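To convert a position in the sequence shown, counted from 1, into the working numbering, add 389.
Working notes for the structure below.
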Amino acid sequence: MIFTEYLARLTSSFTPIVGYFQQQDYLAIDLSVENEELKRIDLTSPEAMQQYIQDQLAHSAKKVAFGGYLEKRNLYKRSEHFSAVTTDERNIHIGMDIWAPADTSIQSPLEGKIHSFQNNINFGDYGPTIILEHLVQGIQFYTLYGHLSLASLDELKVGQQVEKGQKIAELGAPKINGDYAPHLHFQVIKNMQQKTGDYPGVCSKNNLVFYAENCPDPNILLKIIP
């Protein structure tokens, strides 16, 4: 079975993982290089980005913003973490971002267990990160949760069981989450490639074919857009 078809069958409808927002509360937001409005925003400032997102939500009468899968962004230019000495710049986002206030709860969309966790402290990185391992219908895969609070990592143990809908973390503030406006980076990963506590969430154009296949659109699972 094609993995995306399998993933789609794991949930039958909208599946919340950030707070207790309803499907109608979500606004798709564009942070790509094509968004002319972002040229007037200080992308180095998490406060400026948060204000931009809040303005978009207020204008649309929505409560939470989402988007970003395979989105090419200028946002990462501010961090050497994403820039190589060659032209192989990493600027294509291969997860989904869900923008909500710091301390908002994060729930697991599926049953699983703690695969790994760590605080990825590079500037512009994930900050506190949790990776869950899932085994459903004999197929193993992983979900990654980045930009969390430090407290989210307290008392975690590798192999610890997690139930569907169980709170596993909270969103972190900019000083903790890699210096971003508060949001969740959520990513589905087929093969962890023996990595623990971390996995690329941004790739270069040269590696896009591999990462798009290994990290399919999270909306297939969450169904924010039916």
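The beta carbon of each residue, even a glycine, is placed where N, CA and C say it ideally should be.
In this text the structure is predicted, and so the values were computed from the model without any measurement.
Would residue i and residue j be called neighbours here (beta carbons separated by less than 8 angstroms)?
i    : j    : result
L499 : Y534 : no
P517 : S541 : yes
I481 : L459 : yes
I609 : L396 : yes
T532 : L545 : no
Y415 : I613 : yes
Q439 : A601 : no
A417 : G456 : yes
E478 : S593 : yes
T404 : L611 : yes
F512 : D431 : no
F530 : H523 : yes
For the candidate residues the options, whose alpha-carbon lies nearest to that of residue i?
i    : options                : result
Q555 : A454, A437, I495, R398 : I495
I483 : S541, E436, F575       : F575
Q507 : N566, L432, A454       : N566
A489 : L560, L427, F530       : L560
M581 : F599, T393, I406       : F599
V547 : I519, V525, R398       : I519
Q550 : D543, I510, H504, N603 : H504
D419 : V525, A454, N603       : A454
V591 : D486, V407, L427       : D486
I406 : T493, Q445, N603, D543 : T493
Between the alpha carbons of residue i and residue j, how many angstroms are there, rounded?
i    : j    : result
S434 : K502 : 35 angstroms
Q412 : K452 : 10 angstroms
P615 : S497 : 19 angstroms
A437 : N596 : 31 angstroms
V474 : K553 : Low confidence applies here, because V474 scores a pLDDT of 46, under 50, leaving its location unreliable; read the following figure in that light. Their backbone Cα atoms lie some 42 angstroms apart in a straight line.
D514 : D587 : 10 angstroms
Q443 : S449 : 10 angstroms
P589 : L539 : 20 angstroms
F471 : R462 : Residue confidence for F471 is low, a pLDDT of 49 falling below 50, so the modelled location carries little weight; the figure read from the coordinates is stated next. Between F471 and R462, the C-alpha separation is close to 11 angstroms.
K584 : R429 : 38 angstroms
P605 : E425 : 27 angstroms
S468 : K579 : With a pLDDT of 47 at S468, under the threshold of 50, the modelled position of this residue cannot be trusted; read the value that follows with caution. Their Cα atoms are separated by approximately 27 angstroms.
M390 : L399 : 13 angstroms
S402 : I510 : 35 angstroms
V577 : P607 : 6 angstroms
D543 : G408 : 20 angstroms
Q526 : N603 : 19 angstroms
S421 : I528 : 33 angstroms
L427 : F410 : 26 angstroms
If we cut at 8 angstroms on Cβ distances, does residue i have a partner in chain D?
i    : result
H504 : The structure shown has no chain D; it contains just one protein chain.
Point to revise | Whole beta strand (DSSP E) elements within the segment 414-462, 3-residue minimum | key: 415-417, 453-456, all fully within the segment 414-462.
Exercise for review: List in chain order: all unbroken beta strand (DSSP E) runs of 3+ residues lying wholly within the segment 531-603.
Suggested key: 556-559, 572-578, 591-593
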